[in-house]
Amino acid sequence: MKVLPFTLLWIIVFTTNLFAETIRITNGEWEPFLSNYSYQYGLDSHIVTEAFKLEGIEVEWGFFPWKRANEYAKEATDWDASCCWWPDDETKKAFLVSDAITETSFVFYHLKSYEFHWQSMQDLKGMKIGGTTTYDYGKAFMNAIAKEHFTVDFTSKDEFNYKKLLAGRIQVFPNDPSVGDAQIRNYLSPDEANLLTYNPKEFGRSTLHLIMSKDHKRNQYFLDKFNSGLKKLKASGRFQQMLEDLKAGKYDKKKYLFED
Numbered sequence: 000m001k002v003l004p005f006t007l008l009w010i011i012v013f014t015t016n017l018f019a020e021t022i023r024i025t026n027g028e029w030e031p032f033l034s035n036y037s038y039q040y041g042l043d044s045h046i047v048t049e050a051f052k053l054e055g056i057e058v059e060w061g062f063f064p065w066k067r068a069n070e071y072a073k074e075a076t077d078w079d080a081s082c083c084w085w086p087d088d089e090t091k092k093a094f095l096v097s098d099a100i101t102e103t104s105f106v107f108y109h110l111k112s113y114e115f116h117w118q119s120m121q122d123l124k125g126m127k128i129g130g131t132t133t134y135d136y137g138k139a140f141m142n143a144i145a146k147e148h149f150t151v152d153f154t155s156k157d158e159f160n161y162k163k164l165l166a167g168r169i170q171v172f173p174n175d176p177s178v179g180d181a182q183i184r185n186y187l188s189p190d191e192a193n194l195l196t197y198n199p200k201e202f203g204r205s206t207l208h209l210i211m212s213k214d215h216k217r218n219q220y221f222l223d224k225f226n227s228g229l230k231k232l233k234a235s236g237r238f239q240q241m242l243e244d245l246k247a248g249k250y251d252k253k254k255y256l257f258e259d
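The structure is reproduced here in structure tokens:
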């Protein structure tokens, strides 16, 4: 008689796990918001995981180059969704777009010794500007490039641009301040990091969203579940705590990899 309750409990747990819903989501590298090497895969990944968990859905993550992450989500063959993207016209045309997860913006990083002030993109004319090839820096910046207000020296990774700033090869480099500050902490020595700052004037402010292919019939269900879970997460106070953890450096790649 004592064995039966334990056996029944084991069956219930096993059955619950066996039939738990799972959503497969592609992702990429943009620490501390998104990273295979950050705590809980970065802030936004953590938010997505917890929001779905509140709705009884587990998340399986796959990390890829951003272009491939988008394509896999669009195909909706092996992957159901992708995290996380700005809601531009092209994205909204191809995908279902969730409620906003977090806000992002761009600022210009520069050497503290370089006096830098700007009001419009035209003020950047003639300057040596760095950029990273995989990023879209928003309409204003990209349009200014197209109109040849200035040219950008693109490289493959953000960390190369900080080195170029330190070497004087570029004068300014755009990045989200949370991303930039985390990367500077992770990739530069304290002495090098102390040489850099950013101008607080923002541009390209937007929001990050979970996206799902419109061609997958079940995705509207997943989208509704996520939006519901996100509201619950915010109402519980845990969402705000995650934002505070971001400021404290909890989602920094270096902190997760090298600290116990």
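Just so you know, we're using numbering that gives the first Met the number 0 here: the sequence shown kicks off at 0 and counts up by one.
We put the beta carbon where it would ideally sit given N, CA and C, even for glycine.
All values derive from a computational prediction rather than experimental measurement.
By the Cβ test, the stretch 179-188 is not in contact with the stretch 113-129, since fewer than three Cβ pairs between them sit closer than 8 Å. Within its own chain, the residues whose Cβ lies closer than 6 Å to the Cβ of Y250, once the five positions on either side in sequence are excluded, are P31, S37, Y38, G41 and L42, listed in chain order. By the criterion of at least three beta-carbon pairs nearer than 8 Å, the stretch 219-239 is in contact with the stretch 44-58.
By the criterion of a C-beta distance shorter than 7 Å, H208 is surrounded in its chain by C83, W84, P86, V96, S97, A99 and I100, once the five residues flanking it on both sides are discounted.
Under the three-state reduction of DSSP output, Y197 falls in the strand class. When the alpha-carbon of L245 is set against those of A234, D190, S177 and Y220, the nearest one is in S177. The beta carbon of G203 is closer than 7 Å to those of S104, F105, Y136, G137, A139 and F140 in its chain, skipping five residues each way along the sequence.
Counting along the chain, P173 sits inside the beta strand (DSSP E) bounded by residues F172 to N174. Three or more beta-carbon pairs separated by less than 8 Å are not found between the stretch 123-136 and the stretch 190-200, which leaves the two stretches without contact. Counting other Cβ atoms within 10 Å of its Cβ, P64 stays below 16 and is therefore classed as exposed. Below 8 Å, too few C-beta pairs join the stretch 51-67 and the stretch 143-159 to call them touching: fewer than three. In the three-state DSSP reduction, N35 falls in the coil class, being neither helix nor strand.
Secondary structure at E147: coil, using DSSP grouped into helix, strand and coil. For the pair Y161 and L123, the CB atoms are not nearer than the 8 Å cut-off.
The beta-bridge partner set that DSSP reports for H208 consists of W84.
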